[in-house]
Amino acid sequence: MNCPIKTQENREWLLEYSAGRLDGERAAMVERHVEICPACARFVEGQRVVWNALGQWESPELSADFNRRLYQKIDQAQPSTWLGRFLQPLWRPMVPVAAMCLLIVAGVVLHTPTAGVSPVHPRVENVEPEQVERTLDDLQMLRELSLTPQETNASQPM
Amino acid sequence: MPQWVKEDMGATSLALDCDAELMLRVREGDGASFALLLEKYRVSVAHFLYRMVQDQPVAEELAQEVFLRVYKSRESYEPTAKFTTWLYRIATHLALNWLRDEKNERSQERLDEVAEDGPVREVADRAPTVEHQMVRQVKLEEVRKAVAALPDKQRAAVLMHKYEEMDYSQIAKVLSCSESAVKSLLFRAYETLRVRLAHMA
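Order-wise, the sequence lines are chains F and Y.
Counting from 1, one number per residue, gives the positions in the first sequence under this note's numbering.
Counting from 159, one number per residue, gives the positions in the second sequence under this note's numbering.
#1: Verify the contact flag: Y:R183, CB atom, against every heavy atom of the ligand GDP, threshold strictly below 8 Å.
#2: Say whether chain Y places a C-beta atom closer than 9 Å to the C-beta of F:P60.
#3: Y:Y208 lies in the alpha helix (DSSP H); which residues open and close that run?
#4: Please classify Y:V340 as buried or exposed, where buried requires at least 16 neighbouring CB atoms within 10 angstroms.
#5: If you drop the 5 nearest sequence neighbours on each side, which residues of the same chain put their C-beta closer than 6 Å to that of Y:D177?
#6: Quick check on Y:V211 - is its C-beta less than 9 Å from some C-beta in chain F?
#7: What do you get for Y:M181, buried or exposed, if any count of 16 or more other CB atoms within 10 angstroms of its CB means buried?
#8: Can you give the Cα-Cα distance for F:C3 and F:E9, rounded to whole angstroms?
#9: Is the Cβ of F:V108 closer than 9 Å to any Cβ of chain Y?
#10: Please confirm if F:V97 has its CB atom under 9 Å from at least one CB of chain Y.
#11: Just to confirm my understanding: we take Y:F192, look at its own chain, exclude 5 residues before and 5 after, and list those with CB closer than 7 Å. What are they?
#12: Would a check of beta-carbon distances place Y:Q328 closer than 9 Å to chain F?
#13: Would you mind reading off the limits of the alpha helix (DSSP H) that contains Y:H357?
#14: Kindly indicate if chain Y contains any beta-carbon less than 9 Å away from that of F:L102.
#15: Take Y:L355 as the anchor and find which of F:E61, F:V49 and F:P38 has the nearest alpha-carbon.
#16: F:E12 touches chain Y at which residues, Cβ-Cβ below 9 Å?
#17: When DSSP labels each residue in this structure, what does Y:T170 get in the three-state scheme?
#18: In the DSSP assignment, the alpha helix (DSSP H) including Y:P215 goes from what residue to what residue?
#19: Mark F:I36 as exposed unless 16 or more other C-beta atoms lie within 10 angstroms of its C-beta, in which case mark it buried.
#20: Using the rule of at least 16 other Cβ atoms within 10 Å of the residue's Cβ for burial, across every protein chain shown, is F:M141 buried or exposed?
#21: Closer than 7 Å between beta carbons: that is the criterion. Which residues of the region 176-195 of chain Y meet it against chain F?
#22: If we count the other Cβ atoms within 10 Å of its Cβ and call it buried at 16 or more, is Y:K331 buried or exposed?
#23: Check whether the Cβ atoms of F:S59 and Y:R209 lie closer than 9 Å to each other.
#24: For F:A53, which option in Y:R302, Y:C335, Y:Q328 and Y:D310 has the closest C-alpha, if you only look at C-alpha atoms?
#25: Using a Cβ-Cβ distance cut-off of 9 Å, determine whether F:K73 contacts chain Y.
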């Protein structure tokens, strides 16, 4: 094995060997080399010190309410309007389908042939003068019937 | 192909299947799968962030932001890479941004102090004084400081290598750089740490 420090070949093997992460065959190769190479031996020794020192560094535990706070943030991030909720992931794939259906319905309504259905147009009918006269008489009669006796007297000319 | 490489690849694809499958279920609206992923990775992500920013409340806030972003990005998630690569990419991005902002803030504070007080004062260390700590605490403090003194990317690479046991290719994907760049980052970082922590032998 060539010296990893001098040749820069497989330098990472030294790191992995120092960390105890190198597999058996390559670990044995590095071990044999380290026994005869003072530079690599120093490297491995120093690296093991670093590795052990880093290993003693523990992180504090997470707060007990970590998940609760996270889910609260997730809830706050959810859209609050009905439209926003409608556009949620479960519904979102259906939106294009709904839009397509709407377009089809609109197209059908707009392009349906209207033959056979008589259009309703306002028209002015001819009205006979006698008919008008009769209607006015009827109205007069109804008005008189709806009046009370006092009102009838009052309405009569003196 | 060497056996160790095959084993590594096998483990990677297995992990990809499991976590990516859970994430795909989250994409379909399955909250239980999100809870599983959260339970599986929240501690490691929070610890990684704590070692990056060295401030527990900030680390927790950032960890929450990581999982919030995972949840918000569920619809656009595509299992093109290992789930943990994606997860740590988000975490590293947030941590590096926070460190950058913190540095800017500190440098601004220093400028303000110069303007107000004249001579530059030393920035107060948040860590407790070493005089009142036990030997172990002193050593831990030295480790923390040594790691904190590393450039941000070197620090991220060391933390992923040491504590998350990521291989070089995965670290490269998280940091969006080449594998050889990661090796250089790690060698420079460990060299600095060997010098700073040599007395701990």
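No residue lacks a Cβ here, since even glycine has one placed at the ideal position from N, Cα and C.
On the basis of the data shown:
#1: Because no ligand of any kind appears in the structure shown, any question about the ligand GDP cannot be addressed here.
#2: Interface residue, yes.
#3: Segment G189 to V211, the alpha helix (DSSP H) holding Y:Y208.
#4: By the C-beta density criterion, Y:V340 is buried, having at least 16 other C-beta atoms within 10 angstroms.
#5: Taken in chain order, the residues that qualify are F241.
#6: No - not a single Cβ of chain F is within 9 Å of the one on Y:V211.
#7: The residue is buried, with at least 16 neighbouring Cβ atoms inside 10 Å.
#8: Taking the Cα positions, F:C3 is about 8 Å away from F:E9.
#9: Not an interface residue.
#10: By this cut-off, F:V97 is not an interface position.
#11: For Y:F192, where only same-chain residues beyond five positions count, the Cβ hits under 7 Å are V184 and Y229.
#12: With 9 Å as the cut-off, Y:Q328 does not count as an interface residue toward chain F.
#13: From DSSP, Y:H357 is part of no alpha helix (DSSP H); its letter is neither H nor E.
#14: Chain Y, which has no Cβ nearer than 9 Å to the Cβ of F:L102, makes this no.
#15: That would be F:V49, whose Cα lies nearest to the Cα of Y:L355.
#16: Correct list: Y326, K341, L344 and F345.
#17: Since pLDDT at Y:T170 reaches only 49, below the 50 mark, its modelled position is unreliable, and no value is offered.
#18: For Y:P215, the enclosing alpha helix (DSSP H) starts and ends at Q214 to K230.
#19: Flag for F:I36 reads exposed.
#20: Flag for F:M141 reads exposed.
#21: Within the region 176-195 of chain Y, the residues whose Cβ lies closer than 7 Å to some Cβ of chain F are G187, listed in chain order.
#22: Y:K331 should be labelled buried.
#23: Yes; because the gap between Cβ atoms is below 9 Å, this pair is in contact.
#24: It is Y:R302.
#25: Closer than 9 Å: yes.
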